[in-house]
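Trainee: Residue numbers (this note's numbering): 5 to 340.
Cβ coordinates follow ideal geometry from the N, Cα and C atoms, glycine included.
Structure provided below as structure tokens; questions to follow.
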């Protein structure tokens with residue numbers, strides 16, 4: 005038992021080091037290309053930090069043959085990701101993070117709610133037996149991928165309208181780093197993040213075997229938290245260097261990626277629709293609805309943009325995120 009926890013700590017150390025580097029290289033890319041930190045967070049960071057969830061979901065359906073574990077990881081990671089936003093607000097020392105976020109984050113929050121809403125509706129339709137298949141793929145999975153692509157294109161166009169031409173001369177924080185070096189550093193750091201995240205997912209399965217935890221509970225709580233470690237590390241690093249948009253973009257982008265691309269790949273690797281073959285429908289529907297409510301709390305913060313924190317160290321909507329997460333997780337585990 006002790007060995008598996010030692011491996012867990014070693015893996016976490018790799019992710020922490022690589023995640024710190026990944027954030028700084030992504031910040032450089034955002035500054036030097038003019039792509040915007042919201043878009044870079046949505047694409048460069050969110051994809052890299054969400055690959056572990058994808059690996060977990062694919063192995064869940066191919067090796068463990070558990071659709072519930074795959075869906076539980078995707079939905080559960082989203083819940084914990086939103087809790088990370090509350091932690092970021094508490095750690096940010098320049099006031100509320102919501103006041104320092106650009107309007108592009110509001111757009112991402114809306115896309116996140118819409119995508120999670122569609123995924124939750126898809127699970128509900130699967131429970132009723134109304135899932136429509138194209139071959140072995142669910143039509144809802146295809147809709148989710150379409151939502152993801154729309155979010156990418158829309159965010160890119162919005163950010164390009166907001167950004168001026170990148171100034172490679174005045175970019176003081178990274179004046180000693182070329183764009184080529186930033187791309188190379190990003191690729192290397194992302195490789196370590198992905199490798200460490202996949203290893204973490206494997207360790208998570210070892211822990212579930214040793215402890216005998218139920219797969220539904222583990223998928224939603226333990227694996228959801230464990231595979232969100234890259235997002236946690238990257239977001240905290242982004243806050244420390246003052247890149248609020250990069251941090252929030254990573255979290256909201258990861259949530260969109262989790263319930264669109266990851267569920268789509270689970271459908272591809274599973275012999276049948278994940279929505280109709282799942283058995284823990286009520287848990288996933290409850291988690292999906294809770295995620296939407298928590299994202300509404302995020303949206304309030306992004307729209308109202310209160311410059312000062314309600315309780316000196318944290319904003320009211322960040323407290324709402326913590327309360328909703330704890331109460332929701334307890335209710336789902338206790339009654340479903």
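For the alpha helix (DSSP H) containing residue 19, list its first residue and its last residue.
Mentor: 6-37
Trainee: Please state the DSSP three-state secondary structure of residue 101.
Mentor: coil
Trainee: Strictly by DSSP, which residues pair up with residue 138?
Mentor: 141
Trainee: Measure the Cβ-Cβ separation of residue 64 and residue 74 and say whether it is below 8 angstroms.
Mentor: yes
Trainee: Below 8 angstroms, can you find three or more Cβ-Cβ pairs linking the region 80-88 to the region 285-302?
Mentor: yes
Trainee: Compare the Cα-Cα distances from residue 97 to each of 183, 245, 77 and report the closest residue.
Mentor: 245
Trainee: Within 10 Å of its beta-carbon, does residue 13 have 16 or more other beta-carbons around it, so buried, or fewer, so exposed?
Mentor: exposed
Trainee: Rounded to the nearest angstrom, what separates residue 198 and residue 250 at their Cα positions?
Mentor: 19 angstroms
Trainee: If you drop the 5 nearest sequence neighbours on each side, which residues of the same chain put their C-beta closer than 6 angstroms to that of residue 90?
Mentor: 322, 325, 326
Trainee: Does the beta-carbon of residue 58, which I'm using as the reference point, lie nearer than 7 angstroms to any heavy atom of the ligand NAD?
Mentor: Only the bare structure without any ligand can be found here, which leaves the ligand NAD out of the picture.
Trainee: Within the same chain, show all residues whose beta-carbon is closer than 7 angstroms to that of residue 172, passing over the 5 residues directly before and after it, in chain order.
Mentor: The predicted position of residue 172 is uncertain, since its pLDDT is 45 and thus under 50; a value taken from the coordinates is nonetheless stated next. The residues 36, in chain order, have a CB closer than 7 angstroms to that of residue 172 in the same chain once the five nearest residues on each side in sequence are set aside.
Trainee: Let me know the secondary structure DSSP gives residue 74 once reduced to three states.
Mentor: helix
Trainee: Identify, in the order they occur along the chain, each residue of the same chain with its Cβ nearer than 6 angstroms to the Cβ of residue 263, setting aside the five sequence neighbours on each side.
Mentor: Scanning its chain for C-beta atoms nearer than 6 angstroms, with the 5 sequence neighbours on each side dropped, one finds around residue 263 the residues 78, 119, 120, 123, in chain order.
Trainee: Could you tell me the distance, in whole angstroms, from the CA atom of residue 335 to the CA atom of residue 72?
Mentor: Computed Cα separation, rounded: 19 angstroms.
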